[in-house]
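Take the sequence shown: its position 98, counted from the start at 1, is 142 in the working numbering, and no numbers get skipped. Everything on this sheet refers to the single structure shown next.
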Amino acid sequence: MASFLDIGLVSYFGVIFPILLIFVIVFAILQKTDLFGDNKGLQSIVAFCVAMITTIVPGVLQVINIMAPWFVLLFIFFTLLLISLKFLGVSDVSITTYMSKDWETAHWFVLSLALVIFIGSIATVYGSSLLPYSDDEGGLADDAEVGDGDLDVDTGNFNANVGALLFHPKTIGMVFVLLIGSFTIRLLAGKA
């Protein structure tokens, strides 16, 4: 029986959404940079050609399909953060002046989150094909059982290797020491 919640037909249009996203982003960049002047027709043709060329590389569409929901969640998070700052009484002028400064902590935070999303989605699509003895030729990696007590990072499963590496006690200890050092340097440099 058909229902309004059945979105099975949307999967057939899964190729169109990344192509439209690439077209819009490239067209906006060309509009902003005035690379081809004010000729919107030429800009749209170039953006359309770039969007069509991305369909040739099979993994690019998968990377975009993995990245897009994460960037939407990031946008929703920052929108809710701005709304909560407004509820706490922070004015629009102070938010604008803080965000228009040179690269502050907030800018680096957003850039680092974007890089984590980008690298994570590339690793999800291409990671298993980078293993030296993997039978997988690319595509989405299988789900892995991370945290089962095995700390071996030399398995045939890319997700298991990454999970074992990230949650290894030595890696967590190194991150903890680097965070303490970073905050110590920031606090000591701020006093001078």
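We put the beta carbon where it would ideally sit given N, CA and C, even for glycine.
With 16 other Cβ atoms within 10 Å as the buried cut-off, status of residue i
{"i": "E189", "result": "Any reading at E189 must be qualified, since the residue scores a pLDDT of 49, below 50, and its modelled position is unreliable; the value itself is stated next. Answer is exposed; the Cβ neighbour count stays below 16."}
{"i": "A91", "result": "buried"}
{"i": "N205", "result": "buried"}
{"i": "M218", "result": "exposed"}
{"i": "P213", "result": "exposed"}
{"i": "V59", "result": "exposed"}
Residue i, DSSP secondary structure in three states
{"i": "S212", "result": "At residue 212 the sequence reads His, which differs from the Ser that was named. Reduced to three states, the DSSP call for H212 is coil."}
{"i": "V134", "result": "coil"}
{"i": "G58", "result": "coil"}
{"i": "K145", "result": "coil"}
{"i": "S226", "result": "helix"}
{"i": "V160", "result": "helix"}
{"i": "G207", "result": "helix"}
{"i": "I120", "result": "helix"}
{"i": "G171", "result": "coil"}
Pick from the options that is closest to residue i, judged by C-alpha positions
{"i": "F162", "options": "D78, F115, N203", "result": "F115"}
{"i": "I97", "options": "N109, F67, L118", "result": "F67"}
{"i": "L157", "options": "M111, V169, S55", "result": "M111"}
Presumed contact (8 Å Cβ cut-off) between residue i and residue j, rounded CB distance
{"i": "T215", "j": "L209", "result": "6 Å"}
{"i": "I166", "j": "V70", "result": "So it is not a contact: roughly 19 Å between Cβ atoms."}
Near the ligand MG: residue i beta-carbon under 7 Å from a heavy atom
{"i": "V221", "result": "Of ligands this structure carries none, so the ligand MG is not represented either."}
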